[in-house]
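**Student:**
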Amino acid sequence: MKTELVTTLKRQATQILSDLHSSGEPVLITEHGKPSAYLVDVDSYEFMQDRMKILEGIARGERAILEGRTYTQDEAKKKMKKWLI
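Per our numbering, the very first residue in the sequence shown carries number 693; after that it's consecutive.
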């Protein structure tokens, strides 16, 4: 992963963005020698957000199972009947 100083980002934003778009590799931005932010392209960010939504849904489902908030297939069909044709 490429690492850039925040001052370099300020001075060379166009070049850093161009490199980001061509490589697709995230850029770690540092301030005062410490990690401050990641710079990623839009497609990668949106992909990560979509993946996070899926993982959150799986986590909710696992929590429901652990808490016993589940239905049999027949119970689920009855509850969903008004939405199913």
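Don't be surprised by glycine CBs; every beta carbon is placed ideally from N, CA and C.
In this text the structure is predicted, and so the values were computed from the model without any measurement.
Can you confirm whether Thr722, when its beta carbon is compared against all beta carbons of chain C, has any partner nearer than 8 Å?
**Tutor:** The structure shown contains no chain C; it holds only a single protein chain.
**Student:** Which residues bound the beta strand (DSSP E) around Leu731?
**Tutor:** Segment 726-731, the beta strand (DSSP E) holding Leu731.
**Student:** Which of the three DSSP states is assigned to Leu697 in this structure?
**Tutor:** Leu697 falls in the strand class under three-state DSSP.
**Student:** Pick from Val734, His724, Thr700, Ile721: whose alpha carbon is nearest that of Ser714?
**Tutor:** The residue with the shortest Cα to Cα distance from Ser714 is Val734.
**Student:** When the distance is taken between beta carbons, is Glu717 closer than 8 Å to Met693?
**Tutor:** Taking 8 Å as the Cβ cut-off, Met693 and Glu717 qualify as a contacting pair.
**Student:** Roughly how many angstroms separate the alpha carbons of Met772 and Pro727, rounded to a whole number?
**Tutor:** Their Cα atoms are separated by approximately 48 Å.
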